[in-house]
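Right, one structure below, let's go through it.
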Amino acid sequence: MEYIVEALKYKYREYLAYTLVMGVCWLIDNLVFAVLVNVISVGAAVFIARITGALAGFVCHGKYTFNVDVDGLKTLLSAFKYVAVWLFAYWLVISSVDFFATNTDVNIVLAKMITECFVVPLNFILMKYIVFADRK
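For the sequence shown, the UniProt record's numbering assigns the number 1 to the initial residue and increments by one for each residue that follows.
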């Protein structure tokens, strides 16, 4: 049984690391959003929250999740890819939160958290196979 657990840990290490890093970034993102949403517009609150999480995410996912160097031209290319994925996720989140806010009675903070449950796995796939794929 211990061998199976160790094999699974090795096989799914990237996703486990991604989940841990993303969890920290997600928590930061949602805390920033919850603080700002009553002070500024929903769009601005989501934007600032996502930037905060994205900055930590790019460095930490590169270093801890996908074990790549964080210097050189490949990092610049990965940064551009990361921004493209981030912009797509941003659009997806803001569109979904706006949908919840205008069409349901769901609390807006809860609506963002629900949306993130779908965006997180999608981001892992995009980061693994697009952003950091050529860095291994």
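Note that CB positions come from ideal geometry on N, CA and C, so glycine has one too. Keep in mind it's a predicted model, so treat the numbers as computed, not measured.
| query | result |
| --- | --- |
| Leaving out the 5 sequence neighbours to the left and right, which residues in its chain are closer than 7 Å to residue 17 when beta-carbon positions are compared? | 64 and 65 |
| Let me check understanding here. Comparing Cα to Cα, which of 45, 86 and 95 lies closest to residue 124? | 86 |
| Go ahead and label residue 29 buried or exposed: buried means 16 or more other beta carbons lie within 10 angstroms of its beta carbon, across all protein chains shown. | buried |
| Select from 94, 113 and 37 the residue whose C-alpha is nearest the C-alpha of residue 26. | 113 |
| If residue 83 and residue 115 are in contact, beta carbons under 8 Å, what's the gap, nearest whole angstrom? | Between residue 115 and residue 83 the Cβ distance is about 20 Å, and since that is not below 8 Å, they are no contact. |
| Can you tell me whether residue 40 is helix, strand or coil according to DSSP? | coil |
| Determine the extent of the alpha helix (DSSP H) in which residue 124 is found, giving its start and end residues. | 108-126 |
| Please go through the same chain and pick out, in chain order, the residues whose beta-carbon is closer than 7 Å to the beta-carbon of residue 130, but skip the five residues on each side of it. | 81 and 85 |
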